[in-house]
Amino acid sequence: MTLIDTPHLAEHDEFYEELLAAHKGLSAEESSALNARLILILANHVGDIEALREAIALARA
Amino acid sequence: MPYDYQPFPYVPPPGLVAPEPRKRVVIVGAGPIGLAMALELARHDVPSVVVDDNNVVSVGSRAICWSKRSLEILDRLGLGARCLEKGVTWKVGRTFHRDREVFNFDLQPEDGHKMPAFINLQQYYVEQFLVEACEADPLVDLRFKNRVIAVEQMGDHAFLDIETPDGEYALETEYLLACDGANSPVRHMLGLEFEGELFEERFLIADIRMEAEFPSERWFWFEPTFHPGQSALLHKQPDQVYRIDLQLGWGADPEHEKKPEVVIPRIEKVVGHSEFALEWVSVYTFQCRRLREFVHDRVIFVGDSAHVVSPFGARGGNGGLQDVDNLGWKLAAVIGGRADAGLLESYGRERAFGADENIKNSTRATRFMTPAAGMERVFRDQVLALAAKAPFARAWVNSGRLSAPCTYPLNAPDDTRLPPGARPGMVAPDAPLGNGWLMERLGRGVALLTIGCTAPEVAGAEAIALPAEGQIAARFLGGAAQAIYLVRPDQVIAARWCTADPSAISAEIETLWAGTA
Ligand SMILES: Cc1cc2nc3c(=O)[nH]c(=O)nc-3n(C[C@H](O)[C@H](O)[C@H](O)COP(=O)(O)OP(=O)(O)OC[C@H]3O[C@@H](n4cnc5c(N)ncnc54)[C@H](O)[C@@H]3O)c2cc1C
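Protein chains in written order, with the working numbering: chain L, 12 to 72; chain A, 99 to 615.
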């Protein structure tokens with residue numbers, strides 16, 4: 012397993028709040044577009060196809 | 099001046115008066131693939147008869163983008179310089195979403211290769227050059243206005259019925275190469291069908307002549323306002339001719355779309371004025387599919403008769419030339435008795451692998467251009483939105499990935515200390531050599547390249563000692579001190595070592611001719 016699925020982001024509560032704030036005031040369609048952009052940006056940042064595959068699998072599980 | 103379509107002369111074939119002796123090879127179809135096939139076989143001393151139902155080159159530009167690998171193959175056939183001289187190269191590409199430029203790129207080709215990354219050249223020019231070379235080659239017997247109307251497998255040969263303006267005649271041949279295009283009558287005669295996901299798309303393709311200066315660039319639009327919801331492509335070709343590809347909705351009526359009063363206003367919107375002449379318009383429907391097997395006893399499928407793809411990425415004509423590249427030396431070896439028919443199976447296997455890669459790439463590009471409603475569309479649009487802001491997303495924009503040769507999955511000796519760009523299964527990278535190029539030294543027989551060491555004594559391969567310096571060292575040695583490469587007649591690396599016993603090399607030479615790697 013290359014994907015880190017154990018705690019790895021100490022500031023998770025902050026991030027969670029900022030994620031919600033980023034969606035504030037957006038329509039469902041705009042939110043969906045924002046999420047898509049975030050996934051693409053983060054996927055590029057991760058840069059590891061194996062980890063990304065495992066992430067998809069975990070998300071679908 | 100528009101291209102001058104000169105009909106090629108029809109000459110009554112000898113078979114009309116008396117039966118002809120059995121041929122080694124009959125090639126059905128004088129498109130780019132059949133013609134190149136005849137020349138490639140002739141390089142290996144195999145004579146062939148090429149029959150075509152028509153007597154002019156491709157009407158309209160059709161395949162326009164010829165990749166580096168195709169240029170290397172054409173160069174081996176003596177046509178590289180001619181194609182380069184006539185063709186045009188674009189370096190700048192611009193991508194638009196709606197009417198806004200999202201980004202542009204400048205292709206900086208890697209230096210130290212004889213051939214550029216690609217050129218644009220109308221298919222009719224490539225065919226004209228190939229026909230002229232065939233006519234000058236005593237081993238090629240080119241017959242226009244000869245339509246194949248029946249084909250039969252006969253065990254150790256194949257039989258053809260051919261119709262000419264003067265009546266019918268028959269030919270027997272050891273091998274029949276079906277280079278008769280996407281609708282391949284030979285495929286139908288043998289009762290074979292394409293397999294795979296049916297994925298059809300339809301494009302309006304036009305050649306226009308514009309005297310006005312227009313940049314030598316590739317422009318690609320996603321959903322332009324002049325063509326809502328679809329994609330469009332503008333490309334420069336030689337002779338002030340520009341090619342425009344407009345995606346049509348699947349529900350579009352091709353006959354209506356082809357009408358000048360419908361086409362011309364659209365093109366005016368693409369180029370921004372009406373100072374152009376319409377030379378050719380066609381509606382091109384494509385699928386991404388292939389035959390399951392390319393080799394059927396004495397009948398072998400090559401080019402579009404074996405596989406079809408979308409035009410994005412230019413994998414039709416280029417993929418077919420790679421078939422030619424792969425089959426030429428193998429068929430010559432089987433006919434000449436150097437190898438047995440098993441070697442032909444490796445053609446089928448390797449080129450089906452190549453076709454799958456082309457189909458995969460072309461399906462991905464088509465999907466990016468025509469996303470399904472829902473999340474597929476959301477992701478596509480957001481890639482385009484990000485491309486304007488973040489460099490990484492530009493690479494994700496898929497308006498076709500330019501044809502590059504696949505790496506054949508060979509089970510062959512390898513040494514991973516050597517560079518990843520010269521692995522077994524890959525075309526050997528070119529590099530400057532003396533006053534010429536490495537590519538010019540490869541491509542006839544089997545070659546044994548040595549870099550930084552002396553060639554072991556082995557029979558059956560031409561030893562070529564390369565200087566361990568410059569781009570040769572970078573591309574073949576990497577950090578290693580010495581290397582030995584075994585290269586097939588199609589310039590594909592068969593095996594490589596840092597050090598090897600003569601017996602290990604000899605074993606790989608045998609594997610190469612058996613086609614079992
Ligand atoms: C309108 C159009 C646009 C295209 N645009 C692009 C593009 O933009 N990019 C790209 O990469 N590819 C494009 N292609 C595809 C490209 O033209 C083909 O991949 C390429 O021509 C394949 O070459 P081929 O020699 O296998 O087949 P073809 O060029 O089709 O040649 C087949 C030959 O066989 C002959 N023939 C057929 N039946 C018989 C018979 N019974 N007897 C004797 N001869 C016969 C035909 O007359 C023809 O000369 C386009 C094709 C079309 C039709």
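Using N, Cα and C, we set each Cβ at its ideal position, and we do this for glycine too.
Only a predicted model underlies this, so the values are computations on that prediction, with no experimental measurement involved.
Item: Bridge partners for residue 265/A per DSSP, in chain order?; Value: 262/A
Item: Kindly identify the DSSP beta-bridge partner or partners of residue 548/A.; Value: 563/A and 582/A
Item: Is the closest heavy atom of ligand 1 to the C-beta of residue 105/A under 6 angstroms?; Value: no
Item: Can you pull out the residues from the stretch 21 to 47 of chain L whose beta carbon lies closer than 8 angstroms to at least one beta carbon of chain A?; Value: 43, 44 and 47
Item: Keeping to the same chain, check which residues put their C-beta closer than 8 angstroms to that of residue 411/A; ignore five residues upstream and five downstream.; Value: 456, 459, 460, 463, 498, 499, 500 and 501
Item: Determine, for residue 574/A, whether the minimum Cβ-Cβ distance to residues of chain L falls below 7 angstroms.; Value: no
Item: Relative to the C-alpha of residue 614/A, which candidate in 169/A, 546/A, 445/A and 583/A has its C-alpha closest?; Value: 445/A
Item: Measuring alpha carbon to alpha carbon, tell me which residue in 551/A, 222/A and 365/A is nearest residue 345/A.; Value: 365/A
Item: Hey, would you say the C-beta of residue 128/A is under 6 angstroms away from at least one heavy atom of ligand 1?; Value: yes
Item: Any beta carbon from chain L within less than 7 angstroms of residue 175/A's own beta carbon?; Value: no
Item: On a CA-only basis, which of 218/A, 266/A, 214/A and 480/A is nearest residue 338/A? Give me that one, please.; Value: 218/A
Item: Any heavy atom of ligand 1 closer than 6 angstroms to the beta-carbon of residue 153/A?; Value: no
Item: Counting only runs of 4+ residues fully inside the stretch 339 to 382 of chain A, write out the alpha helix (DSSP H) ranges in chain order.; Value: 352 to 355 and 358 to 369
Item: At least one CB of chain L closer than 7 angstroms to the CB of residue 201/A: is that the case?; Value: no
Item: Strictly under 7 angstroms for the Cβ-Cβ distance: is residue 484/A near chain L by that measure?; Value: yes
Item: Could you compute how far the alpha carbon of residue 603/A sits from the alpha carbon of residue 511/A?; Value: 10 angstroms
Item: Does residue 154/A come out as helix, strand or coil in the three-state DSSP assignment?; Value: coil
Item: Kindly list, in the order they appear in chain L, the residues whose Cβ is closer than 8 angstroms to that of residue 470/A.; Value: None at all; the shortest Cβ gap to chain L is about 14 angstroms.
Item: Beta-carbon within less than 6 angstroms of residue 140/A's beta-carbon, same chain only, minus the 5 sequence neighbours each way: which residues are those?; Value: 235, 237 and 238
Item: Would you call the stretch 238 to 257 of chain A and the stretch 562 to 572 of chain A in contact, with 3 or more CB pairs under 8 angstroms?; Value: no
Item: Mind checking whether the beta-carbon of residue 283/A lies closer than 6 angstroms to any heavy atom of ligand 1?; Value: yes
Item: If you drop the 5 nearest sequence neighbours on each side, which residues of the same chain put their C-beta closer than 8 angstroms to that of residue 448/A?; Value: 424 and 506
Item: How about residue 549/A and residue 574/A: do their beta carbons lie closer than 7 angstroms?; Value: yes
Item: Cβ closer than 8 angstroms: which chain A residues qualify as neighbours of residue 51/L?; Value: 477, 480, 481, 484, 491 and 494
Item: Would you tell me roughly how many angstroms separate the C-alpha atoms of residue 260/A and residue 233/A, rounded to the nearest one?; Value: 21 angstroms
Item: Just the Cα atoms here: how many angstroms apart are residue 108/A and residue 124/A?; Value: 17 angstroms
Item: Using beta-carbon positions only, say whether residue 256/A and residue 403/A come within less than 7 angstroms of one another.; Value: no
Item: Put residue 14/L into one of helix, strand or coil per three-state DSSP.; Value: coil
Item: Out of 121/A, 314/A, 451/A and 115/A, which one is the CA nearest neighbour of residue 53/A?; Value: This structure does not reach residue 53/A, given that chain A is present from 99 up to 615, and the question cannot be answered.
Item: Residue 340/A: buried (16+ other C-beta within 10 angstroms of its C-beta) or exposed?; Value: buried
Item: Return yes when the Cβ of residue 589/A is within less than 7 angstroms of the Cβ of residue 526/A, no when it is not.; Value: yes
Item: Using DSSP with H/G/I as helix, E/B as strand and the rest coil, what is residue 278/A?; Value: coil
Item: Helix, strand or coil for residue 609/A per DSSP?; Value: helix
Item: May I have the straight-line CA-CA distance separating residue 167/A from residue 420/A, to the nearest angstrom?; Value: 8 angstroms
Item: Could you please give me the residues that DSSP links to residue 222/A through a beta bridge?; Value: In DSSP, residue 222/A forms no bridge with anything.
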